[in-house]
Structures are given as C-alpha cells and as structure tokens.
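The opening residue of the sequence shown carries number 50 in my numbering; numbering runs sequentially from there.
Note that beta-carbon positions come from the ideal geometry of N, C-alpha and C, so glycine has one too.
It should be emphasised that the depicted structure is a prediction, and the values quoted were computed from it without experimental measurement.
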Amino acid sequence: TSRSVYNSLLELKVPKESARYALPFSVHTAYTYTINLRSLINLLGLRLCVRASPEMRCLASNIYLAVRKVFPEIDNVWCRGYNLAVCPENDVRDSPQGKDCPFKNFESDIFIPTKKHVKAGIKLKPFNRNKSFNVKEALLKKWSEI
Numbered sequence: 050t051s052r053s054v055y056n057s058l059l060e061l062k063v064p065k066e067s068a069r070y071a072l073p074f075s076v077h078t079a080y081t082y083t084i085n086l087r088s089l090i091n092l093l094g095l096r097l098c099v100r101a102s103p104e105m106r107c108l109a110s111n112i113y114l115a116v117r118k119v120f121p122e123i124d125n126v127w128c129r130g131y132n133l134a135v136c137p138e139n140d141v142r143d144s145p146q147g148k149d150c151p152f153k154n155f156e157s158d159i160f161i162p163t164k165k166h167v168k169a170g171i172k173l174k175p176f177n178r179n180k181s182f183n184v185k186e187a188l189l190k191k192w193s194e195i
C-alpha cells in the first residue's frame with residue numbers, strides 16, 4: 050500500500066515532506082512553519098487579495114485570524130493596495146473567479162487608487178477606515194470558511 054511505501058521511505062531517512070509524495074493526494078497533511086513579521090505582512094498582502102486562489106485566501110485568512118488573537122495590531126494589514134494605499138494591480142483588480150475588489154469603486158469612500166490613478170493626479174475622497182474594516186471582516190469570515 051502507499052502507506053507502507055511511505056513508512057519504508059521514512060525508515061530510509063527520507064524527509065517527511067519528500068516521502069509524502071508516495072501518499073494519495075487526498076491524505077491529510079499538516080504543515081508547520083515559522084515566519085517573521087515582514088514576511089507575514091508580505092504573505093498576507095499577496096494572499097488577502099481577490100486575485101489570489103481561493104485556497105490561498107482561505108489559508109491567509111485563517112493565519113490572519115490566528116495572529117490577530119495574539120497581535121491585534123495586525124488589523125492594519127490587508128492586501129497590498131490596502132497596505133500601500135495604492136493598488137499595484139492597475140487594470141486587473143477583478144479575480145479570475147469573477148469577484149470584484151471591494152476597494153476599486155472610484156465613487157466609494159473606501160476606494161484605493163491604482164498607480165495609474167495616482168500618476169493621473171485624481172482627487173480622492175477621505176478614506177473611511179471603519180467601513181473598510183467592516184468590509185475586511187466580512188471577507189475574512191467568508192474566505193476563512195472555504
């Protein structure tokens with residue numbers, strides 16, 4: 050069986066992360082890793098975007114929620130556009146799954162401009178942090194349950 054092949058590989062001192070390729074893809078695998086704050090902010094900035102794959106958004110959402118319990122200051126971290134106050138995505142702010150970015154509506158008080166908007170010198174409305182927090186919370190709840 051694949052399990053006996055896996056166990057044989059472990060006995061031969063093959064690392065677990067390599068030996069697991071002998072197992073079927075549906076076998077539950079647990080990961081443990083360490084990350085520093087800068088790398089965590091980068092990971093969340095990339096993976097809490099509507100353009101990230103649903104699985105990665107789910108993982109990032111759950112990491113975010115777990116970290117927030119011990120480090121509440123992380124509430125000011127979200128997608129790269131939110132973190133930088135300028136979205137680097139320009140014309141591709143919709144996800145492949147058809148989900149629009151909640152921060153792309155120019156008329157909204159939670160609009161985050163793209164680099165093109167900034168270069169064009171558009172006038173921005175004041176950013177509504179409370180509303181953006183509520184939007185983030187709703188997305189976190191939705192994405193963490195995928």
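Helix, strand or coil at Asp124 according to DSSP, with G and I counted as helix: Numbered from 1 along the sequence shown, position 75 holds the residue referred to as residue 124. In the structure shown, Asp124 falls within a helical segment according to DSSP collapsed to helix, strand and coil.
Rounded separation between Val116 and Tyr131 - CA only: On the sequence shown, residue 116 is found 67 positions in, with the first residue counted as 1. On the sequence shown, residue 131 is found 82 positions in, with the first residue counted as 1. Whole-angstrom Cα-Cα distance: 18 angstroms.
Distance between Glu66 and Glu104 (C-alpha atoms, nearest Å): For the purposes of this step, residue 104 is taken as residue 55 along the sequence shown, with counting starting at 1. For the purposes of this step, residue 66 is taken as residue 17 along the sequence shown, with counting starting at 1. Taking the straight line from one Cα to the other gives about 20 angstroms.
Option in Pro73, Phe155, Leu72 and Ser110 with minimal Cα separation from Lys191: Here residue 191 corresponds to residue number 142 of the sequence shown, with the count starting at 1. Per the Cα distances, Ser110.
Proximity to Asn183 [Cα-Cα], best of His166, Ile159 and Asp149: Stepping through the sequence shown from its first residue, residue 183 is reached at position 134. Of the listed residues, the one whose Cα sits closest to Asn183 is Ile159.
Residue range of the alpha helix (DSSP H) that includes Ala187: Taking the sequence shown and counting its residues from 1, the one referred to as residue 187 is at position 138. That run of the alpha helix (DSSP H) goes Arg178 to Ser193.
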